[in-house]
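Undergrad:
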Amino acid sequence: MNPELGQLALILALLLAALQCALPIIGAWRGSKPLMATAPTLAIGQLVFIALAYGILTWAFWTNDFSVAYVAQNSNLSLPWFYKLSAVWGAHEGSLLLWMLILNVWSVAIVVFGGKLPEAFFSRVIGVLGFVSFGFLLYMITTSNPFLRLMPAPPNGADLNPVLQDPGLVFHPPLLYMGYVGFSVAFAFAIASLLGGELKSTWVRWSRPWTNAAWAFLTVGIVAGSAWAYYELGWGGWWFWDPVENASFMPWLIGAALIHAQAITDKRDGLRAWTLLLSIFAFAFSLLGTFLVRSGLLTSVHAFAFAPARGVFILVYLAVVVGGSLLLYALRAPKVTGGKSFALASRETMMLVGNLMLTVACAMVMLGTLYPLVGEALNIGRISVGPPYFGPLFLILMTPLVLALPFGPLSHWGKADLKVWRNALIRIVALAVAAGIAGFIVGARTWYELLGVAAATWVIAGVALFAIKRWREAPRGKRYPFEMLGMMLAHFGVGVFIAGAILTRSMSVEQDVSMKPGASVHVGAYDFRFNGVAETPGPNYTAQQGTVVITRNGKPVVTLHPQKRTYVGGQVQTEAAIQAGVFRDLYVSLGDPIGPSTGSGQDVGAWSLRVYDKPFVRWIWGGGVCMMLGGFVVILDKRFRLKRAVEPETVRPTPEPEAPRKLAEGEA
Amino acid sequence: MNEVASKPVTRFVPLIVFAALVAFFVVGLVWNQTHDARFVPSPLIDKPAPAFRLPRLEHPTQFLTKADMLGKPYLINVFASWCYACGDEHPTLMAYRDKFGIPLIGYDYKDAPQDARAWLQRHGDPYHEVITDQSGNTSLDFGIYGAPETYLIDAKGIIRYKHIGPLTPEVIAKDLEPKIRALEQEGST
Chain A
3 MNPELGQLAL ILALLLAALQ CALPIIGAWR GSKPLMATAP TLAIGQLVFI
53 ALAYGILTWA FWTNDFSVAY VAQNSNLSLP WFYKLSAVWG AHEGSLLLWM
103 LILNVWSVAI VVFGGKLPEA FFSRVIGVLG FVSFGFLLYM ITTSNPFLRL
153 MPAPPNGADL NPVLQDPGLV FHPPLLYMGY VGFSVAFAFA IASLLGGELK
203 STWVRWSRPW TNAAWAFLTV GIVAGSAWAY YELGWGGWWF WDPVENASFM
253 PWLIGAALIH AQAITDKRDG LRAWTLLLSI FAFAFSLLGT FLVRSGLLTS
303 VHAFAFAPAR GVFILVYLAV VVGGSLLLYA LRAPKVTGGK SFALASRETM
353 MLVGNLMLTV ACAMVMLGTL YPLVGEALNI GRISVGPPYF GPLFLILMTP
403 LVLALPFGPL SHWGKADLKV WRNALIRIVA LAVAAGIAGF IVGARTWYEL
453 LGVAAATWVI AGVALFAIKR WREAPRGKRY PFEMLGMMLA HFGVGVFIAG
503 AILTRSMSVE QDVSMKPGAS VHVGAYDFRF NGVAETPGPN YTAQQGTVVI
553 TRNGKPVVTL HPQKRTYVGG QVQTEAAIQA GVFRDLYVSL GDPIGPSTGS
603 GQDVGAWSLR VYDKPFVRWI WGGGVCMMLG GFVVILDKRF RLKRAVEPET
653 VRPTPEPEAP RKLAEGEA
Chain B
52 MNEVASKPVT RFVPLIVFAA LVAFFVVGLV WNQTHDARFV PSPLIDKPAP
102 AFRLPRLEHP TQFLTKADML GKPYLINVFA SWCYACGDEH PTLMAYRDKF
152 GIPLIGYDYK DAPQDARAWL QRHGDPYHEV ITDQSGNTSL DFGIYGAPET
202 YLIDAKGIIR YKHIGPLTPE VIAKDLEPKI RALEQEGST
């Protein structure tokens with residue numbers, strides 16, 4: 003198909019986005035039903051054109067149409083078919099197109115599932131999403147067009163960045179984008195409520211399932227990215243505090259805070275202004291993440307020099323979205339702070355502690371991440387601060403959160419019940435200490451390990467006590483509504499994550515060794531024997547493949563084949579070989595050849611290898627997966643099923659006789 | 052917090068803070084176009100370098116001290132395996148290591164030695180000697196606040212020049228090279 007058609011589809015989508023932004027919002031403002039009624043059609047129409055553009059770009063990859071510059075830069079004749087499909091989002095332009103596709107899918111999801119929202123509110127939400135979409139499309143068409151032609155077309159493409167040729171990275175960006183874009187829904191709800199001057203905070207309940215879904219997607223996206231780094235970078239690390247990771251971590255932190263703030267606003271009507279601000283900032287950080295990562299601006303403002311239009315557009319767009327939202331907030335935020343009052347030892351206080359720590363942690367990460375960029379912009383030198391800055395500060399900030407975490411669910415809304423507190427505290431402390439002692443008996447020796455075991459137990463014991471409390475106190479059938487179940491699952495995930503992160507760090511045995519074929523090395527309780535390296539062909543690379551036989555007390559455990567791949571473009575990529583297990587991973591990656599590959603001499607066939615024994619490393623991602631499941635389970639709660647709004651929700655007396663839209667199936 | 056009317060002014064605070072940040076960034080970018088402000092007076096310039104004693108990367112039981120280096124000028128380049136800007140700087144160091152004419156000492160900053168070794172193995176080692184400061188204690192004496200940074204120290208152990216951020220061929224040609232040549236002049240007279 004013709005790439006110019008894709009270009010045309012984008013332009014048509016841009017026009018529809020402009021209409022989608024203007025018509026429903028004007029309609030809601032003037033109380034005009036015909037104008038408001040355009041919202042669903044415009045959203046669906048825009049999705050059609052974006053999907054068309056996306057399909058055309060995918061087709062260009064599928065058919066090796068190297069006359070499209072973007073395809074020529076990111077594909078190759080010998081690229082396996084599944085990477086051809088994922089190469090669509092392999093670089094800046096295509097990943098923006100994927101972003102747009104997902105944004106439009108979310109918009110249409112609101113059209114489908116939000117049919118029972120008050121019509122004016124619904125129209126404003128769709129209008130705000132139209133505005134977001136308009137900005138992105140304008141950016142794509144003016145600065146980052148994926149359909150640019152390359153004349154004459156080269157016979158073969160440059161190949162997809164080999165770093166991205168991994169199953170982990172096939173799914174990582176779409177999942178992250180589901181999360182980023184998902185926050186645009188919470189944002190649209192918040193802005194719609196400000197535009198409409200909502201006095202009540204019912205909108206918060208409507209937006210909660212969307213926020214939870216977005217956060218859950220973001221969580222699993224980050225987990226996939228972390229697992230990929232572990233497999234592919236050959237360093238055995240799972241988190242590097244690098245700018246790209248931080249860009250996804252900041253909206254995650256704000257999103258976690260937002261989930262809890264929304265719960266308070268929904269149930270207690272408090273923190274309305276705070277929830278509004280978090281909704282705005284969760285999306286602002288998502289925008290920052292999307293733009294800066296793939297445009298290269300995050301690591302250096304030099305990218306501004308290469309593509310000044312992009313840099314300026316991004317700054318202006320961010321300033322308009324965030325500045326405009328904050329201006330709207332200043333003018334229209336609830337004039338009366340509401341909410342029920344609460345005592346010091348109440349659930350609200352615990353959740354506020356968590357909120358405070360999460361937002362401060364986000365500010366800390368932002369400062370460290372943008373430090374080199376700001377330093378360079380102000381010409382005082384671009385320097386990185388790195389893990390020595392992030393690690394300790396994050397640990398310090400998360401300590402109060404972890405301490406407060408069990409007591410949030412266990413204490414009451416509003417009032418302080420000190421008896422509950424005392425009982426819970428005694429049990430949790432006892433269990434954490436017992437776990438620490440048990441850990442010592444099993445063989446944990448460093449303070450770090452003992453504290454890790456105790457902290458994880460602290461959190462998990464809190465979840466267990468809460469489960470027991472509900473079992474005893476709540477009537478059968480109402481013991482664990484989905485909202486509560488999701489919370490417990492996510493909190494349990496936090497405990498598992500803590501255990502994994504801390505134990506891996508302190509118990510891992512890592513060795514860099516240079517080995518001749520036949521040599522052995524003893525790491526942890528295992529013997530690793532190196533049987534040399536042989537060349538193995540792959541579809542678009544040739545690999546040096548090592549063979550390492552692992553034994554324990556002379557009994558064979560597993561044979562691993564780490565690879566060092568040289569891709570057709572000449573890039574070299576490490577492919578670690580890992581024996582994964584619940585309690586430990588055995589990890590081998592190939593370094594560099596030390597001696598000649600053939601001939602005679604004592605170094606023949608010798609390679610440097612990294613050999614790791616990494617206990618509990620899977621728990622890090624296991625914890626993340628629990629958090630994700632928690633986020634999704636919450637959505638199932640009966641509480642969030644939309645009833646038809648009977649009363650008008652807005653201050654403005656817009657006439658709202660509710661004609662239920664036809665699209666509301668799937669509302670089970 | 053029951054039904055208290057919040058003062059309208061407080062609702063403008065987020066907007067004002069955000070506007071200030073944007074203004075700061077824009078002014079910085081524009082200023083940057085017209086001024087060369089890369090001169091950061093360091094309080095340590097023309098002061099004696101702190102007395103350091105740090106383990107060598109390749110032989111962790113051996114130490115390099117300030118006293119060992121007295122008698123000839125040398126460069127200290129702060130780097131770390133986790134530092135992204137150092138990756139950008141690295142090719143420049145590889146190209147210039149032999150053109151400086153004086154020793155280039157790598158200062159591995161708050162980094163695990165095995166990570167640093169792997170990093171140097173992967174990218175190439177531009178240094179004549181690498182010392183490690185895992186705890187970052189000595190870095191406080193030097194006033195290092197991130198990586199990369201580069202110090203020029205003369206034969207008497209006095210800091211003569213400091214550059215924050217990656218060295219580039221332009222910076223070397225304009226600032227560092229003349230300073231090194233000037234030191235050589237001093238040494239020969």
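So the sequence lines, in the order shown, correspond to chains A and B.
Each residue of the first sequence is one higher than the one before, starting from 3 at the first, in the working numbering.
Each residue of the second sequence is one higher than the one before, starting from 52 at the first, in the working numbering.
The C-beta atom is built at its ideal place from N, Cα and C for all residues, glycine as well.
#1: Residues of the segment 233-244 of chain A with a CB closer than 8 Å to any CB of chain B: list them in chain order, please.
#2: Cα separation between B:Ala206 and B:Ile96?
#3: Between which two residues does the alpha helix (DSSP H) harbouring B:Asp119 extend?
#4: For B:Lys98, which option in B:Pro229, B:Gly208 and B:Ile215 has the closest C-alpha, if you only look at C-alpha atoms?
#5: List the residues of chain B whose Cβ lies closer than 7 Å to the Cβ of A:Pro374, in chain order.
#6: Could you give the DSSP three-state label for A:Glu537: helix, strand or coil?
#7: A:Ala192 and A:Leu278 - do their beta-carbons sit closer together than 8 Å?
#8: Is there a Cβ from chain A that is less than 8 Å from the Cβ of B:Arg62?
#9: Can you confirm whether the segment 104-111 of chain B touches the segment 181-196 of chain B when touching is taken to mean that 3 or more C-beta pairs between the two stretches lie within less than 8 Å?
#10: Can you grab the Cα-Cα spacing for the pair B:Ala167 / A:Glu577, in whole Å?
#11: I'd like to know whether the C-beta of A:Ala231 is nearer than 8 Å to at least one C-beta of chain B.
#12: Need the endpoints of the alpha helix (DSSP H) that A:His174 sits in, please.
#13: Give me the residue from B:Pro142, B:Ala100, B:Ala146 and B:Thr143 with the minimum Cα distance to B:Pro124.
#14: In this structure, does DSSP put A:Asp594 in helix, strand or coil?
#15: Please report how far the alpha carbon of A:Met38 lies from the alpha carbon of A:Arg270, in whole angstroms.
#16: Kindly list the residues whose CB is nearer than 7 Å to the CB of A:Met368, restricted to its own chain and excluding five residues on each side of it in sequence; keep chain order.
#17: Which residues, in order along the segment 198-220 of chain B, keep a beta-carbon less than 9 Å from a beta-carbon of chain A?
#18: Kindly indicate if chain B contains any beta-carbon less than 8 Å away from that of A:Tyr85.
#19: Say whether chain B places a C-beta atom closer than 8 Å to the C-beta of A:Leu395.
#20: Mind pulling the chain A residues with CB within less than 9 Å of B:His150?
#21: Hey, is A:Ala536 close to the ligand NAP, as in C-beta under 7 Å from one of its heavy atoms?
#22: Between B:Met145 and the rest of its own chain, which residues show a CB-CB distance below 7 Å, the 5 nearest in sequence each way excluded?
#23: What did DSSP end up calling B:Pro128 once you bin it into helix, strand or coil?
#24: So which of B:Pro65, B:Val64 and B:Ala70 has the shortest CA-CA distance to A:Ala321?
#25: Look up A:Trp609 in the DSSP assignment and give the residues it is bridged to.
#26: Taking only the alpha-carbon atoms, compute the straight-line gap between A:Val50 and A:Val225 and give it to the nearest angstrom.
#27: For B:Glu114, count neighbouring Cβ atoms within 10 angstroms of its own Cβ and tell me buried if that reaches 16, exposed if not.
#28: Using a Cβ cut-off of 8 Å (strictly closer), state whether B:Ala169 contacts chain A.
#29: Could you work out which residue in A:Gly548, A:Asn158, A:Pro169 and A:Val183 is closest to A:Trp230 when comparing CA atoms only?
#30: Specify, as a first and last residue, the run of the beta strand (DSSP E) that A:Gln565 falls within.
#31: Which residue comes first and which comes last in the alpha helix (DSSP H) that contains A:Val525?
#32: Kindly indicate if chain A contains any beta-carbon less than 8 Å away from that of B:Gln66.
#33: Measuring only between beta-carbons, confirm whether A:Gly33 sits less than 8 Å from chain B.
#34: Could you please tell me which residues of the segment 182-195 of chain B, in chain order, have their CB closer than 8 Å to any CB of chain A?
#35: Distance cutoff 8 Å, beta carbons only. Does A:Val172 sit that close to anything in chain B?
#36: So, is B:Gly152 buried or exposed, given that buried needs 16 or more other C-beta atoms within 10 angstroms?
TA: If we stick to the structure as given:
#1: Trp237, Phe242, Trp243 and Asp244
#2: 14 Å
#3: Lys117 to Met120
#4: B:Gly208
#5: Ala136
#6: strand
#7: yes
#8: yes
#9: yes
#10: 20 Å
#11: no
#12: Pro169 to Gly198
#13: B:Ala100
#14: strand
#15: 32 Å
#16: Apart from the 5 residues on each side of it in sequence, A:Met368 sits with its Cβ closer than 7 Å to the Cβ of Met252 in its chain, given in chain order.
#17: Ala198, Pro199, Glu200, His214, Ile215, Gly216 and Pro217
#18: no
#19: no
#20: Per the sequence shown, residue 150 of chain B should be read as Lys rather than His. Residues of chain A passing the Cβ test: none, with the nearest at roughly 22 Å.
#21: What this structure holds is no ligand at all, so the ligand NAP is not there to describe.
#22: Gly175 and Pro177
#23: A small fix is needed here, since residue 128 of chain B is Asn in this sequence, not Pro. Here B:Asn128 sits in strand by DSSP.
#24: For the residues B:Pro65, B:Val64 and B:Ala70, the minimum Cα distance to A:Ala321 belongs to B:Ala70.
#25: A:Met517 and A:Pro595
#26: Taking the straight line from one Cα to the other gives about 31 Å.
#27: The sequence given here has Phe at residue 114 of chain B, not Glu. Result: exposed.
#28: yes
#29: A:Pro169
#30: Annotation: the continuous beta strand (DSSP E) that includes A:Gln565 extends over Gln565 to Tyr569.
#31: Unbroken run through A:Val525 is the beta strand (DSSP E), Ser522 to Val525; no alpha helix (DSSP H).
#32: For the sequence presented, residue 66 of chain B should be read as Leu rather than Gln. At least one chain A Cβ lies under 8 Å of B:Leu66.
#33: no
#34: Residues Gly187.
#35: no
#36: exposed
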